[in-house]
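Structure below.
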């Protein structure tokens, strides 16, 4: 679990350094931590960073070696798919090949965290990503956003329609407030 006393700035500084060194072209905070930043306290153990590499990859298999080399150089510890960055469990997710993820990074909101501008995925994109994952815990996150009213209905409808997810949303929407029923 991430220590709540840790400051965001240490991870943000690392991400910005990775951009300055030409490793990451663009990034956005996603997953449950983005949900927390928008409004709701959601249980999570990690910080998901969705990103694009600066250099296009040409192989059939995505290589995360640039990220891992950077982490090793900085002395960060690995734990399965996570990299421990100054006390934070960080998971890097390359987002350029999945259209919804790509748009989620490209259209991220800018939030001020620890006096730094940080891209954070919009609630509508997060809800669509959670819908796509289809896990019970993701349904709970959508319900938390419903309770707080943080999702813009028109923007959500647009995202769901453009990514062909409206039928899946309609099948899941029972129990949500009328505001988010289509």
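Residue numbers (the numbering used here): 2 to 183. Ideal Cβ positions, reconstructed from N, Cα and C, are used throughout, including at glycine.
A direct Cα-Cα distance of roughly 11 Å separates residue 182 from residue 168. Distance check between residue 89 and each of 72, 104 and 54 places 72 closest, using alpha-carbon atoms only.
Spatial neighbours of residue 91 in its own chain (CB-CB distance under 7 Å, excluding positions within 5 residues in sequence) are listed in chain order as 12, 47, 48, 50, 83 and 84. Using a Cβ distance threshold of 8 Å, residue 114 and residue 68 do not count as a contacting pair. The residue among 22, 21 and 16 with its C-alpha nearest the C-alpha of residue 28 is 16.
By the Cβ-count criterion, residue 32 is buried, with 16 or more other Cβ atoms from all chains shown falling within 10 Å of its own Cβ.
Going by DSSP, residue 39 is part of the alpha helix (DSSP H) stretching over 32-39. For the options 87, 156, 123 and 9, the alpha carbon positioned closest to that of residue 102 is the one of 123. Within a 10 Å sphere around the beta-carbon of residue 78 sit fewer than 16 other beta-carbons, which makes this residue exposed. By a beta-carbon distance limit of 8 Å, residue 153 contacts residue 125. Their separation comes to about 6 Å. In terms of Cβ geometry, residue 93 and residue 65 form a close pair [threshold 8 Å]. For residue 92, the uninterrupted beta strand (DSSP E) run begins and ends at 89-95, by DSSP. In the structure shown, residue 48 falls within a strand segment according to DSSP collapsed to helix, strand and coil.
Taking the CA atoms as reference points, residue 59 sits about 45 Å from residue 176. Judged by their CB atoms, residue 147 and residue 105 are not nearer to each other than the 8 Å cut-off. If you look at residue 83, you'll find it in the beta strand (DSSP E) that goes 83-86. In this structure, DSSP gives residue 112 an extended state, which the three-state scheme calls strand. Taking the Cα of residue 135 as reference, the smallest distance to any Cα among 21, 170 and 109 is reached at 170.
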